[in-house]
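I have placed the structure first, in the form of structure tokens, so that the comments after it can refer back to it.
Numbering (the working numbering), first residue to last: 1317 to 1734.
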């Protein structure tokens, strides 16, 4: 069990690099199954979820090779296995991204119940709804599912809810069908946009024809492509909040400005200076921080994955802040850990928390509940006086590459103990 030991209360300074988007990388690896030709991915984040996805497609028969720590070659010419490894799937929610491409190309897949972060109920119903609309039959009991689709048929699908994973699976499932499929109430998060670019380069016609409405016309054969993954918008947000909470000046690069507009808008409203120049974000304190209200929303709204870091920032704001996450009911677990550190916070219900500041935080021993809560408690440790110990730090490895090392490069007193 790995630990992070943080001696807080220090300002950060300097420039921090941003890794490639983890949530896009796992989906593009899955999409590589749609072609027999080689795909080359650059700016791949070396995080555990990505490594596990690489291992998973390798177990199906794909040939994978790392040219360097962030450049990956995948060739899926010899894939023949359609049953996914139970252990790998249990440890990684993004394994469900294999449903669409496997049905499109091999017409069959057996999927054990996926795992991942414990952030509330995340049933597969919406994924199954979309795949049934495209012609799939689904059998299973909750422990394992078998999906078959002798022929994927084009369809117009109105999703019952915004779902990033479902949108991505529907796009990939339809990518080898040369008729037009329309997906309404589609998610358009940055990871979906990256997948759309990837599928276009492979030879599919993918369009956003109306607000949250996507259309894809596939091709019977898709080609291999080279693609550079965009910077991780969630990392950018995490580091920007770190700068604000520790009253530090940071330079964060590279960024994709269009992916972080709602995050920067909220930080500016709180009283944080956020200046974008080309692909670089400059963050610096600008006086007392103001209390705020935030509700997570589908993109381009404020991302659910950044509401927990805002909880730390709220402890350093003057007044009472309201954080509302209607998407997941299990994402407020970090609040009780912040309270142990001195935060004045009340969980109103599974979706809302009130945080009153400004309050000093004191170092404590706390767990990493999931990727984003773990990162949140790292930020709290940077703010707190005294020593904070983050247990189960390997959870952070699923989404952040060498987080401790990169923060240390900014002047943080942080040590990893494996």
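Cβ coordinates follow ideal geometry from the N, Cα and C atoms, glycine included. Computed from a predicted model, the values in this text were never measured in an experiment.
Practice problem: Ignoring anything shorter than 3 residues or poking outside the region 1506 to 1586, list the beta strand (DSSP E) runs there in chain order. | Solution: Entirely contained in the region 1506 to 1586, the beta strand (DSSP E) runs reaching 3 residues are, in chain order, 1521 to 1526, 1529 to 1533, 1542 to 1544, 1565 to 1569.
Quiz item: Any idea what DSSP makes of residue 1598, helix, strand or coil?
Solution: Residue 1598 falls in the strand class under three-state DSSP.
Practice problem: Report yes if the CB atom of residue 1545 is closer than 8 angstroms to the CB atom of residue 1491, and no otherwise. | Solution: No, the Cβ-Cβ distance between residue 1545 and residue 1491 is not below 8 angstroms.
Quiz item: Do you know how far the Cα of residue 1488 is from the Cα of residue 1497?
Solution: Rounded to the nearest angstrom, the two C-alpha atoms are 11 angstroms apart.
Quiz item: With burial defined as no fewer than 16 other Cβ atoms inside 10 Å of the residue's Cβ, what is the status of residue 1317: buried or exposed?
Solution: Residue 1317 should be labelled exposed.
Self-check item: Cβ shell of residue 1440 (< 7 angstroms), same chain only, five flanking positions each side left out
Solution: Hits under 7 angstroms: 1412.
Practice problem: For the beta strand (DSSP E) holding residue 1623, just list the boundary residues, first then last. | Solution: Premise fails: residue 1623 lies in the alpha helix (DSSP H), 1623 to 1631, not in any beta strand (DSSP E).
Quiz item: If you draw a straight line from the alpha carbon of residue 1485 to that of residue 1353, how long is it in whole angstroms?
Solution: Taken atom to atom, the span from the alpha-carbon of residue 1485 to that of residue 1353 is near 20 angstroms.
Self-check item: Span of the beta strand (DSSP E), counted from its first residue to its last, around residue 1463
Solution: Bounds of the beta strand (DSSP E) holding residue 1463 are 1460 to 1464.
Self-check item: Which residues DSSP lists as bridging residue 1354, in chain order
Solution: Note: residue 1354 sits in a beta bridge opposite 1391.
Exercise. Go through its chain and collect everything with a Cβ distance to residue 1628's Cβ below 6 angstroms, but skip five positions before and after it.
Key: Here residue 1628 has 1561, 1692, 1695, 1696 as same chain residues with Cβ atoms under 6 angstroms from its own Cβ, once five neighbours each way along the sequence are excluded.
Practice problem: Please state whether DSSP places residue 1615 in a helix, a strand or coil. | Solution: Coil, per DSSP.
Quiz item: Can you give the Cα-Cα distance for residue 1338 and residue 1386, rounded to whole angstroms?
Solution: Their backbone Cα atoms lie some 12 angstroms apart in a straight line.
Quiz prompt | Closest Cα partner of residue 1360 within the set 1499, 1641, 1606, 1388 | solution = When each option's Cα is compared against that of residue 1360, the closest is 1388.
Quiz item: Apart from the five residues on each side of it in sequence, which residues of its chain come closer than 8 angstroms, Cβ to Cβ, to residue 1331?
Solution: If you ignore the 5 residues before and after residue 1331, its C-beta comes within less than 8 angstroms of the C-beta of 1566, 1567, 1568, 1569, all in its own chain and listed in chain order.
Quiz item: Can you find a heavy atom of the ligand ADP that lies under 7 angstroms from the Cβ of residue 1443?
Solution: For the ligand ADP, the structure offers nothing, since it holds no ligand at all.
Quiz item: Can you tell which of 1356, 1396, 1508 has the C-alpha that lies nearest to the C-alpha of residue 1383?
Solution: If we check each option's Cα against that of residue 1383, 1356 comes out closest.
Quiz item: Which residues in the same chain have their Cβ closer than 6 angstroms to the Cβ of residue 1437, if we skip the five residues on either side of it in sequence?
Solution: At residue 1437 the pLDDT is 49, less than 50, meaning the model places this residue with poor confidence; the figure from the coordinates comes in the next sentence. The same chain holds no residue with a CB closer than 6 angstroms to that of residue 1437 once the five nearest residues on each side in sequence are set aside.
Quiz item: Going by Cα to Cα distance, which pick from 1476, 1449, 1428 is closest to residue 1456?
Solution: Residue 1428 holds the alpha-carbon nearest to the alpha-carbon of residue 1456 among 1476, 1449, 1428.
Exercise. Whole angstroms is fine: what's the gap from residue 1322's alpha carbon to residue 1558's?
Key: Spanning the two alpha carbons is a distance of roughly 14 angstroms.
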